[in-house]
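Everything below concerns the one structure shown next.
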Amino acid sequence: MFDVNELLQSQLEHVAFWHNQPFENPEGQSFEAQALLLYHYNFELWHQEDLARDKTASAHDIAKVKRAIDGFNQQRQDMIEKLDECIISYLQSKKIIPASNAPMNSETPGSVIDRLSINALKIYHMREETLREDASEDHRQRCQSKLNILEEQREDLGNCLHMLLNDLLSGCKYLKIYRQMKMYNDATLNPVLYETDKRIKHET
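In the numbering used here, the protein residues as written are 1 to 204.
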């Protein structure tokens, strides 16, 4: 299917790379390409949310950032589902049939990969804090303690992903996708959006 250790390393490497080089859209529809897009949407979300917390930002700038966050978050959720679809397709191609009593895992592999992607961002930025020359030694030590926890979490969550994939491959668990059904970006479901559309049409 895919190598969990390689995935973990790829996340860390791309987070560091994108802080120095622009993102380039991956070609194709492979699992790796879809995963790369997910990492990048989380990367953009992280930095847009930083901009939203700028106390000197104007209301216009905050509104612009908020819309960008909504867009990236929708793309992120879509990509999580695409990763799970890739995994389901792989399991079907291998004709893996879950046992009749196999439970469904409450968290999908795509969701775990998403969490690991966010963890990679936390590690990158927390490590930066441990190296700040303008910060106190106490600050750097506290951040080092947090970094240690983040790295432990990464190892634990990586192991959980590895075990979940093994369970899916052996038929001990089965994978089912529940669509997120986000309403806030849908002009037919969000009252603010469809009432605004009605008002605009009435005024014109």
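Note that CB positions come from ideal geometry on N, CA and C, so glycine has one too.
Whole-number beta carbon distance between residue j and residue i, since they are thought to touch under 8 Å
i             : j             : result
alanine 135   : glutamate 129 : 7 Å
glycine 158   : leucine 8     : 5 Å
isoleucine 96 : leucine 169   : 6 Å
Alpha-carbon spacing of residue i relative to residue j, whole angstroms
i             : j             : result
histidine 57  : glycine 171   : First, the residue type needs correcting, since residue 57 is alanine and not histidine in the sequence shown. The straight-line gap from Cα to Cα measures roughly 52 Å.
glutamate 137 : cysteine 143  : 10 Å
aspartate 167 : glycine 28    : 28 Å
lysine 66     : histidine 60  : 10 Å
isoleucine 69 : glutamate 49  : 7 Å
arginine 115  : tyrosine 124  : 14 Å
glycine 71    : proline 103   : 34 Å
tryptophan 46 : aspartate 54  : 13 Å
asparagine 5  : glutamate 155 : 10 Å
Whether residue i touches residue j by CB criterion (7 Å)
i              : j                : result
isoleucine 113 : leucine 175      : no
cysteine 86    : phenylalanine 43 : no
isoleucine 80  : serine 106       : no
alanine 33     : proline 26       : yes
lysine 122     : leucine 164      : no
The ligand ZN heavy atom lying under 6 Å from the CB of residue i
i           : result
leucine 161 : In terms of ligand content, the structure shown is empty, and the ligand ZN therefore cannot be addressed.
is_contact[residue i, chain C] using C-beta, thresh 7 Å
i            : result
cysteine 143 : In summary, chain C is missing from the structure at hand, where a single protein chain is found.
### Task
Could I get the ranges of all uninterrupted alpha helix (DSSP H) runs contained in the region 43-120, with 4 residues as the minimum, in chain order?
Runs found: 59-93.
### At least 3 beta-carbon pairs within less than 8 Å: the region 27-41 vs the region 67-76
Touching, yes.
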